[in-house]
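Residue numbers (my numbering), protein chains in the order written: chain B, 1 to 88; chain U, 1 to 253. We treat Cβ as the ideally placed atom computed from N, Cα and C, and that holds for glycine. A quick write-up on the structure given underneath.
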Amino acid sequence: MRRSKLEIVHDMLRAVQDKQGRIKPTHLLYKSNLSHKKLTEYLDDLVEREMVQKVDDGGYQYVILTDKGANFLSEFKRMKEFAESFGL
Amino acid sequence: MALDVPLYGPQWFNGIDTAFDIISIFAALMVAWYARKIKCITGDKSCCALGHAFILIAISFAIKVLTNLAVYLELGELSKPFIIAEVIQIQILFALGYFLYRLFFLIALIWLVCIGLKIIDWRVKMLFVLFAGVATFFSHYSYLVFHLIGTLLLIYIVADKYGTFRQSRNRRSAVIALSFFAVLLSQVMFVFVSIEPWMYVFGETLQLVGFLGIIYNQVTLPKAECCYVSSVPGRSAGSADVRGNPKGGSGRN
Numbered sequence: 001m002r003r004s005k006l007e008i009v010h011d012m013l014r015a016v017q018d019k020q021g022r023i024k025p026t027h028l029l030y031k032s033n034l035s036h037k038k039l040t041e042y043l044d045d046l047v048e049r050e051m052v053q054k055v056d057d058g059g060y061q062y063v064i065l066t067d068k069g070a071n072f073l074s075e076f077k078r079m080k081e082f083a084e085s086f087g088l
Numbered sequence: 001m002a003l004d005v006p007l008y009g010p011q012w013f014n015g016i017d018t019a020f021d022i023i024s025i026f027a028a029l030m031v032a033w034y035a036r037k038i039k040c041i042t043g044d045k046s047c048c049a050l051g052h053a054f055i056l057i058a059i060s061f062a063i064k065v066l067t068n069l070a071v072y073l074e075l076g077e078l079s080k081p082f083i084i085a086e087v088i089q090i091q092i093l094f095a096l097g098y099f100l101y102r103l104f105f106l107i108a109l110i111w112l113v114c115i116g117l118k119i120i121d122w123r124v125k126m127l128f129v130l131f132a133g134v135a136t137f138f139s140h141y142s143y144l145v146f147h148l149i150g151t152l153l154l155i156y157i158v159a160d161k162y163g164t165f166r167q168s169r170n171r172r173s174a175v176i177a178l179s180f181f182a183v184l185l186s187q188v189m190f191v192f193v194s195i196e197p198w199m200y201v202f203g204e205t206l207q208l209v210g211f212l213g214i215i216y217n218q219v220t221l222p223k224a225e226c227c228y229v230s231s232v233p234g235r236s237a238g239s240a241d242v243r244g245n246p247k248g249g250s251g252r253n
């Protein structure tokens, strides 16, 4: 079944959180089950919305979860049920 | 000169209908606020459109409430015998208030139809808004036009919400479908107000039931999970600090 945008964002952030809030983009690609192009699009959007940050550490790039991203995860079930009730 | 301000329904109901409408405003604002919150967090455009539709509903009911209150007050202060200027003032106030109420309400319904039909083209939306403007203009001469068009638009919305319920089979979408169905029935009742004033009471009550259903759906949404919040103020478990160090972590996985 096709995932909604809300669900894709949730899956991505959950993948980061499951790795203690810090994940390599390659791992995120596997975990979030997206194409490279789509992952880049979503990741850029999440960075813009300050839900994650991209940082360089020891020559590796990491994606880290921000407080805003963690707040999204805590609100996710509520938001999903709201959207589903209105058929969005 | 006859006082041509069509106050709907039995006289004892004047004021009670305003209270009902205030509850509807509250319900619409609750949905609009939460849809806006989701839009801010996720950038979801359909939630944004839903928020706009419910804000328009809230505005339309607010205008109706203010118009009714102003008319009740003006009627109370009317001198006897009537002074024509006073009567004309009340009529203009009533006509203008109801014009804006109907315009905003029809645009809100059109917005909800566009969400259901997944219409995103602004040209199509503007065409519908133009149609709402024309319909509102003719509603000034016969309120039936407004309620009939409202009924037709609500049939689309209820069909869409029922489709959502059939797909998901969950209780929430059933509540929303039933809520819009109650609002649809209220519009049907309003069509017959000129024949039987009691229909206004039934219509307003059904409309209230519809919006109470929306409030029920909103207040029974699951609470936000709090397991992500750590004891450290301003920091959440599972999130990282600005330098990229995860909470409690050494900086490298």
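Candidates the options: closest to residue i by CA position
| i | options | result |
| --- | --- | --- |
| L75(U) | C114(U), G43(U), Q11(U) and G133(U) | Q11(U) |
| V209(U) | K125(U), I176(U) and Y162(U) | I176(U) |
| L148(U) | W33(U), I63(U), F190(U) and A62(U) | F190(U) |
| L88(B) | L93(U), F165(U) and V145(U) | F165(U) |
| G278(U) | L221(U), S179(U), E196(U) and F146(U) | Past the boundaries of the shown model lies residue 278(U); chain U is included only from 1 to 253, so the question cannot be answered. |
| H27(B) | R78(B), Q61(B), D57(B) and K77(B) | Q61(B) |
| A62(U) | W122(U), Q167(U), F104(U) and I120(U) | F104(U) |
Rounded straight-line distance, which links the Cα of residue j to that of residue i
| i | j | result |
| --- | --- | --- |
| L106(U) | Q89(U) | 26 Å |
| T18(U) | V71(U) | 12 Å |
| C48(U) | E75(B) | 17 Å |
| Q207(U) | S186(U) | 5 Å |
| F86(B) | S173(U) | 6 Å |
| K39(U) | F72(B) | 12 Å |
| Y201(U) | D21(U) | Looking at the sequence itself, residue 201(U) is Val, so the reference to Tyr does not match. If I take the Cα positions, the gap works out to 12 Å. |
| L100(U) | K24(B) | 55 Å |
| N68(U) | F94(U) | 8 Å |
| A83(B) | L50(U) | 10 Å |
| D44(U) | F128(U) | 23 Å |
| R102(U) | F54(U) | 14 Å |
| N33(B) | R3(B) | 11 Å |
| R98(B) | L43(B) | This structure leaves residue 98(B) out entirely; chain B is present only between 1 and 88. |
| F26(U) | A58(U) | 8 Å |
| S142(U) | I110(U) | 20 Å |
| K38(B) | V63(B) | 16 Å |
| G163(U) | I41(U) | 27 Å |
| F138(U) | I195(U) | 20 Å |
Contacting residues, own chain, Cβ-Cβ under 7 Å from residue i (five flanking each side not counted)
| i | result |
| --- | --- |
| G116(U) | Y156, I157 and D160 |
| M30(U) | I215 and Q218 |
| A32(U) | G51, F54, I55 and A58 |
| V113(U) | L153, Y156 and I157 |
| L144(U) | V191 |
Beta-carbon proximity list for residue i, same chain, < 8 Å, skipping 5 on both sides
| i | result |
| --- | --- |
| Q20(B) | none |
Beta-carbon contacts of residue i that lie in its chain and below 6 Å, excluding the five residues immediately before and after
| i | result |
| --- | --- |
| L184(U) | L154 and V158 |
| M199(U) | M189, F192 and V193 |
| F181(U) | V158 |
DSSP bridge partner residues for residue i (one or two, in chain order)
| i | result |
| --- | --- |
| I64(B) | R22(B) and Q53(B) |
For this session: Please list the residues of the segment 47-68 of chain U that have a C-beta atom closer than 7 Å to any C-beta atom in chain B, keeping them in chain order.
Result: C47 and L50
Exercise. The segment 15-45 of chain B: which residues have C-beta closer than 7 Å to a C-beta of chain U, in chain order?
Worked result: For the segment 15-45 of chain B, the set of residues with a beta-carbon nearer than 7 Å to any beta-carbon of chain U comprises Q17, K19, Q20, G21, R22 and D45, in chain order.
Problem set entry | Short-range partners of chain B found in the segment 117-148 of chain U, where Cβ spacing is below 7 Å | For the segment 117-148 of chain U, the set of residues with a beta-carbon nearer than 7 Å to any beta-carbon of chain B is empty.
Exercise. According to a CB-to-CB cut-off of less than 7 Å, which residues of the segment 16-45 of chain U neighbour chain B?
Worked result: Y34, I38, I41, T42, G43 and D44
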